[in-house]
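Visitor: With our numbering, the residue at position 487 of the sequence shown is 488, and numbering never jumps. Every residue gets a Cβ at the ideal spot worked out from N, C-alpha and C, and that includes glycine. Pasting a structure below so you can have a look.
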Amino acid sequence: MKNREIADIFNKIADILEIKDANLFRIRAYRRAAASLESLPHDLDKLVEEDRLTEITGVGKDLSEKIKEYYRDGEIGYLSDLLDEVPKELLLMLKIPGLGPKKVKLFYQKLDITSIAQLERAAKEGKLRELPSIKGKTEENIIKGIEFIRRGNERMLLGLALPLAESIISELKKLKEVKRVSIAGSLRRMRDTIGDIDILIGSNKPAKIMDRFSELDIVKRVILKGETKTSILTEGDTQVDLRVVGEDSFGAALQYFSGSKSHNIHLRQIAQRKGLKINEYGVFKVKDDKKIASKDEEDIYKTLGMSFIPPELREDRGEIERALEGRLPELIERKDIKGDLHIHSDFSDGRVSLEEVIETGYRKGYKYIAVTDHSKSLGVAHGLSEERLLEQIQKIREIEKRYKNFKVLTGTEMDIKADGSLDWNRDILEKLDIVIAAVHAGFRQSKEKMTERILSAIESGWVDIIAHPSGRLLGEREPYEVDWDIIFKAAAKHKVALEINSHILRLDLTDINVFRAKEQGVLISINTDAHSKEHFDMIKYGVSVGKRGWLSKRDVINCLSYSKLKKFLEQRKKI
């Protein structure tokens, strides 16, 4: 947690310095250090204790002292001083998609705009377009962006909520009074964003549990404390609700509090037709109020005459009807993933060497991985020249020889340019094992142009996977507009896989589009887009999206064995 907190502070300092027109090299120093802290695979504590902070890339003596100051005082005085020099809401404006420090500074200096409310008003009144380089479309995008961040501020990313909930559960499980425990709510259903965190415990002695929960180190404020429910606000302003129920009612309560609301309403309707009632205490016969199921969640569904429905499916999208017929799919699991096909090294914008990337993939138990650094036109990500790509291919072949029963595919994440052309020519593409293509710029093209752009990559005959297909960044950038029916039809025809990008900021494709793609026969690839070693672990979030989209392992190309994957890639290029 401290890694991320200090990285956020360093980025905030860089933002303020940029608004103040400070030295460019100093701004970059803070950005670089923040990126290094975010990618560290371990907590800073030991490095602070042993005075080894300067071993971190980008952290020199000055920034090392600031990190120590944060550990000592809980804040960094330099940031406090900078905050006194600019209106505080200027920094909130930076969260608006597409609005960077330069535009914020322009609005501040020319129009004296110091808050999001003032910015929204100026945009709606057409005042921004009076400034140089600001057009009417920019104003429209700012208004949409403000609405977007207002929605996003109400919810927390799955990839931040789950580790927090798991750390709380880890502490509570140390109590002997805790007999059964589980995450509940939308977090258990693995929604891409969640509101509050819900935790359920089965115990007949709740008092000590409530005391321990309300005294955790992460508690900022206790909202309420009762015998069966306690709610806290964490230091990060996330609300966590803990409920304790009797051991005998745990299964019924877990089903009830996992939701979704529409799923539970549908279950109650089925129960009523059977002369039953269902609530958080169990399933009861209406005629004599006799409890017939409560202890185990599986029994709740069995009593209603259906197979068990995994939490990820409980959105009332047809899962109940399929469960009544015993026709639910066997959902994909993390263990089914044989390899990660979208990984970056420090040849482009990754933060680890090629050797470390390959070693990490091997240690994760994969049968294969693909190294897919950026192509030449993506300068911001240090895209590879033809010479460097050829050098990388040769180096991969040499490193691969050190491993038994583990393969490394040579690949690229190739840019789909604004006109739909591809960044590599045939001579280069023929030398690669796998080709990923993606949109990295020009997100505001019309729906028709964006559809044609992606379609050209799918129909090229050279692309195996379309990465992060909608381009969204949760809480930061909305998806671009595209005609998904056309894309799905073409991807199925040409056997081009669409990616579920497992990064917690992306989770793209969405579960809804995964379901639609599966229905049209589209193949999927679940990858991490890893830029550091810890990113490899994000695969679980991509798998959760796959489960919510009703995927089985047969729908996912990187559930294939290496030999079958190679055969698929070779045959696909002949289509």
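1) So, are the CB atoms of I359 and V557 less than 8 Å apart?
2) Going by other Cβ atoms of all chains shown within 10 Å of its Cβ, with 16 needed for buried, is K548 buried or exposed?
3) May I ask you to report which of helix, strand or coil DSSP gives V515?
4) So what's V105 in DSSP terms, helix, strand or just coil?
5) Tell me whether P207 is buried or exposed, calling it buried when 16 or more other Cβ atoms sit within 10 Å of its Cβ.
6) Quick one: measure Cβ to Cβ for L83 and I14, integer angstroms, because I've assumed they're closer than 8 Å.
7) Checking 8 Å against the spacing of the C-beta atoms, do W485 and L423 come in under that value?
8) Would you report the Cα separation of T529 and V287, rounded to the nearest angstrom?
9) By how many angstroms is the C-alpha of E316 removed from the C-alpha of G306?
10) Could you give the DSSP three-state label for S171: helix, strand or coil?
11) Helix, strand or coil: which one does DSSP assign to I202?
12) DSSP three-state call for R427: helix, strand or coil?
13) For the alpha helix (DSSP H) that Q256 lies in, which residues bound it at each end?
14) Is R190 closer than 8 Å to G260 when the C-beta atoms are compared?
15) Report the rounded CA-to-CA distance for E19 versus L25, giving the unit in angstroms.
16) Is the Cβ-Cβ distance between I293 and T304 less than 8 Å?
17) Decide if L255 is buried, meaning its Cβ has at least 16 other Cβ atoms within 10 Å, or exposed.
18) Could you name the residues of the same chain whose beta carbon sits closer than 7 Å to that of V353, not counting the 5 residues immediately before and after it, in chain order?
19) Among residues of its own chain, excluding the 5 on either side of D300, which ones have a beta-carbon nearer than 7 Å to its beta-carbon?
20) Does L510 get closer than 8 Å to chain D when you measure Cβ to Cβ?
21) Span of the alpha helix (DSSP H) holding E322?
22) Which value, in whole angstroms, describes the spacing of the CA atoms of K106 and K138?
23) Could you check how far apart the C-beta atoms of I219 and E236 are, in whole angstroms? I think they sit under 8 Å.
24) Whole-angstrom Cβ separation of H495 and E460, contact assumed at under 8 Å?
25) Return the CA-CA distance between D538 and Q110, expressed in angstroms with no decimal places.
26) Should E121 be labelled buried (16 or more other beta-carbon atoms within 10 Å of its own) or exposed?
27) Pick from E313, I233, F214 and Q270: whose alpha carbon is nearest that of R222?
28) Expressed to the nearest angstrom, what Euclidean distance is found between the alpha-carbon atoms of P470 and E500?
29) Are the beta-carbon atoms belonging to I7 and L38 less than 8 Å from one another?
30) I'd like the span of the beta strand (DSSP E) that includes V483, first residue to last.
31) Tell me the start and end of each unbroken alpha helix (DSSP H) in the region 348–414 that is at least 4 residues and wholly inside, in chain order.
32) If I measure Cβ to Cβ from S308 and keep anything under 8 Å in the same chain, skipping five residues before and after, which residues do I get?
33) Do V436 and G412 count as a contact pair if the criterion is CB distance below 8 Å?
34) Report all residues from its chain with a CB closer than 7 Å to the CB of I417; omit the five preceding and five following residues, and keep chain order.
35) Identify the continuous alpha helix (DSSP H) that holds N24 and give its terminal residues.
36) Can you confirm whether the region 42–60 touches the region 117–136 when touching is taken to mean that 3 or more C-beta pairs between the two stretches lie within less than 8 Å?
Guide: Walking through what the data contain:
1) In this structure, V557 does not lie closer than 8 Å to I359 by Cβ.
2) The residue in question, K548, is buried, as its Cβ has 16 or more Cβ neighbours within 10 Å.
3) Shown here, V515 sits in a helix according to DSSP, grouped into three states.
4) V105: helix per DSSP, three-state reduction.
5) Buried is the call here.
6) The C-beta distance from L83 to I14 rounds to 6 Å, short enough to meet the 8 Å contact threshold.
7) With contacts defined as CB atoms closer than 8 Å, W485 and L423 fail to qualify as a contacting pair.
8) A direct Cα-Cα distance of roughly 49 Å separates T529 from V287.
9) CA-CA distance, G306 to E316, rounds to 19 Å.
10) Here S171 sits in helix by DSSP.
11) Residue state, collapsed to three classes: strand.
12) Correct three-state label for R427: helix.
13) Where Q256 is concerned, the enclosing alpha helix (DSSP H) stretches over F251 to S259.
14) Taking 8 Å as the Cβ cut-off, G260 and R190 qualify as a contacting pair.
15) Going by the C-alpha atoms only, they are around 8 Å apart.
16) Cβ atoms of I293 and T304: closer than 8 Å.
17) So L255 ends up on the buried side.
18) Within the same chain, V353 has close Cβ partners S346, D347, S533 and K534.
19) Closer than 7 Å at Cβ, skipping near neighbours: G252 and A294.
20) The question asks about chain D, but that chain is absent: this structure has only one protein chain.
21) It spans E320 to L325 - the alpha helix (DSSP H) in which E322 sits, taken as one unbroken run.
22) Distance from the CA atom of K106 to the CA atom of K138, rounded to whole angstroms, is 19 Å.
23) Indeed, because the Cβ distance is near 6 Å, the residues count as touching under 8 Å.
24) At roughly 6 Å, the Cβ-Cβ gap stays under 8 Å, so H495 and E460 are in contact.
25) Put simply, the backbone Cα of D538 is about 44 Å away from that of Q110.
26) Answer is buried; the Cβ neighbour count reaches 16.
27) For R222, the nearest C-alpha among the options comes from I233.
28) Approximately 7 Å, taken between the alpha carbons.
29) Cβ atoms of I7 and L38: closer than 8 Å.
30) Run containing V483: none; DSSP gives neither H nor E here.
31) The qualifying runs are 355–364 and 387–401.
32) Contacts found: Y302, A324, G327 and L329.
33) Yes, these two residues count as a Cβ contact at 8 Å.
34) Only L423, A438, A439, V440, R454, I455 and A458 meet the Cβ criterion.
35) Neither: N24 is in no alpha helix (DSSP H) and is coded neither H nor E.
36) Verdict: no, contact absent.
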